[in-house]
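Reviewing the structure listed below.
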Amino acid sequence: MSREVPVGLAVAEKFVGLLIIVIGLIMAYVTYTNPPTYPVAAYSGIFLAAGILLIALGVLLILAKAE
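Letter 25 of the sequence shown, counting from 1, is numbered 24 in numbering that gives the first Met the number 0, and no numbers are missing.
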């Protein structure tokens with residue numbers, strides 16, 4: 000049984016993936032170029048890793064085939 004995916008669902012998935020990539024890029028860029036100061040300086044690596052994780056998740060959403 001083959002079912003066709005609605006076009007709107009596939010487009011929405013790709014758009015959300017692109018949006019997540021943009022958010023991840025902004026988060027990683029800002030954390031890398033302007034590291035946080037004293038109170039949260041120890042956690043700057045976590046913010047950078049979260050940005051990279053968001054980029055990877057967005058790429059996965061864009062490459063995934065909607066079913």
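Quick reminder that beta carbons are idealized off the backbone N, C-alpha and C, glycines included. Remember, predicted model here, so these are calculated numbers, not experimental data.
Which of the three DSSP states, helix, strand or coil, is assigned to residue i?
i      : result
Lys-64 : coil
Pro-38 : helix
Could you check which residue in the options has the C-alpha nearest to that of residue i?
i      : options                     : result
Ile-61 : Ala-27, Val-10, Pro-5       : Val-10
Leu-52 : Val-6, Gly-7, Pro-5, Met-26 : Met-26
Between which two residues does the alpha helix (DSSP H) containing residue i stretch?
i     : result
Val-6 : 6 to 32
At a cut of 8 Å, does the segment 16 to 28 reach the segment 47 to 60 through at least three beta carbon pairs? yes
Would you call the segment 43 to 52 and the segment 5 to 20 touching, i.e. three or more CB-CB distances under 8 Å? no
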